[in-house]
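S.K.: Numbering (my numbering) for the sequence shown: 6 to 251.
Every residue, glycine too, gets a C-beta built ideally from N, C-alpha and C.
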Amino acid sequence: MDAAQTIRDCIADVTALRLHRTGDPALGAAVGSVKTLQARRFRGTYADLMGSPSFGPAARFFLEELYSDTDYTDRDLQFGRIAGTLQTMFPQPVVATAMALAVLHAQTEGLDQDMGRAWLLHADAASDAARYTAAWRTVGQRHARHEQLQRVLAMGTDLARLTRTPGLRMMLRMMRGPANAAGMGALQRFLEAGFDTFGQLARQRGGVEQFLATIEARERSLMEQLFDADAVTCGTQLANTLGQAR
Numbered sequence: 006m007d008a009a010q011t012i013r014d015c016i017a018d019v020t021a022l023r024l025h026r027t028g029d030p031a032l033g034a035a036v037g038s039v040k041t042l043q044a045r046r047f048r049g050t051y052a053d054l055m056g057s058p059s060f061g062p063a064a065r066f067f068l069e070e071l072y073s074d075t076d077y078t079d080r081d082l083q084f085g086r087i088a089g090t091l092q093t094m095f096p097q098p099v100v101a102t103a104m105a106l107a108v109l110h111a112q113t114e115g116l117d118q119d120m121g122r123a124w125l126l127h128a129d130a131a132s133d134a135a136r137y138t139a140a141w142r143t144v145g146q147r148h149a150r151h152e153q154l155q156r157v158l159a160m161g162t163d164l165a166r167l168t169r170t171p172g173l174r175m176m177l178r179m180m181r182g183p184a185n186a187a188g189m190g191a192l193q194r195f196l197e198a199g200f201d202t203f204g205q206l207a208r209q210r211g212g213v214e215q216f217l218a219t220i221e222a223r224e225r226s227l228m229e230q231l232f233d234a235d236a237v238t239c240g241t242q243l244a245n246t247l248g249q250a251r
């Protein structure tokens, strides 16, 4: 699989989704509401990890880079422009991680847009938590949700593996100037932040494995509730989780 073309295709898909929302302000607002709720949910689900000296940096990295309601338009534009150059400037493991990020991002944007449409259908729900639960069940796509989670976990594993590549941190530091000059500043910051965050976690015996296992267990439990639990109970539990967000 050609990494540059994969990245271009993924960014083109994300751009098309954004353009569609630009022409449909109601959908755009709905997707924004979904993304905001999901970020709040992540903060609530992992409030304990956020406050942990050991796991806090990794939890915040996941929130800011993978579960955030942040607008990634600038980073996406950079990805699209420099996809070909990427393969010549960065070593193969870094290129593979960048490609995996693009694929995950495109899948997430697609699911969020589907959720936005479903969010509009359930405007009469009793609460945001109940509305989100109803929207989730309307969208369905159980397989895609599990695939999305596996990609998130693989991203963490890949970043941890990069920290064990001899000389890579020095290489990233040396490439900071050229990367910024070439319009790859956002990718550079993502790689450096991920490298430093998971490098710190990897220095703790079993730290990466424990962190990712916690993410997997809690996300799988949440998905099972959203798909299969009594809707009222699920909405109540989700509301409690949102209340824990900080």
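Cα-Cα, which of VAL157, GLU152, ARG166, ALA107 is closest to LEU192?
M.R.: Start at 1 with the first residue of the sequence shown, and residue 192 comes out as number 187. That would be ALA107, whose Cα lies nearest to the Cα of LEU192.
S.K.: For a minimum of 4 consecutive residues, which ranges assigned as the alpha helix (DSSP H) are wholly contained in the region 70-141?
M.R.: 78-94, 97-126
S.K.: Rounded to the nearest angstrom, how far is the Cβ of ALA149 from that of GLN205, given a contact under 8 Å?
M.R.: Counted from its first residue, the sequence shown places residue 149 at position 144. Counted from its first residue, the sequence shown places residue 205 at position 200. Not really, about 32 Å apart at Cβ, beyond 8 Å.
S.K.: Tell me, please, whether the region 220-240 touches the region 156-163 by the rule of three or more beta-carbon pairs shorter than 8 Å.
M.R.: yes
S.K.: Drop a sphere of 10 angstroms on the beta-carbon of HIS110, count the other beta-carbons inside from all chains shown, and report buried for 16 or more, exposed for fewer.
M.R.: For the purposes of this step, residue 110 is identified with residue 105 of the sequence shown, where counting begins at 1. By the neighbour-count rule (16 or more Cβ atoms within 10 Å), HIS110 is buried.
S.K.: For ASP29, does the three-state DSSP call read helix, strand or coil?
M.R.: Residue numbering aside, residue 29 sits at position 24 when the sequence shown is read from its first letter. ASP29: coil per DSSP, three-state reduction.
S.K.: May I have the straight-line CA-CA distance separating ALA140 from ALA31, to the nearest angstrom?
M.R.: Residue 140 sits at position 135 when you count from the first residue of the sequence shown. Residue 31 sits at position 26 when you count from the first residue of the sequence shown. Their Cα atoms are separated by approximately 15 Å.
S.K.: Taking all protein chains shown into account, do 16 or more other C-beta atoms lie within 10 angstroms of the C-beta of VAL19, making it buried, or fewer, making it exposed?
M.R.: Translated into positions along the sequence shown, residue 19 becomes position 14. Classification for VAL19: buried.
S.K.: Looking only at its own chain, which residues have a Cβ that is under 8 Å from the Cβ of THR27, when we skip the five neighbours before and after it?
M.R.: The count along the sequence shown starts at 1 and reaches residue 27 at position 22. Within the same chain, THR27 has close Cβ partners GLY33.
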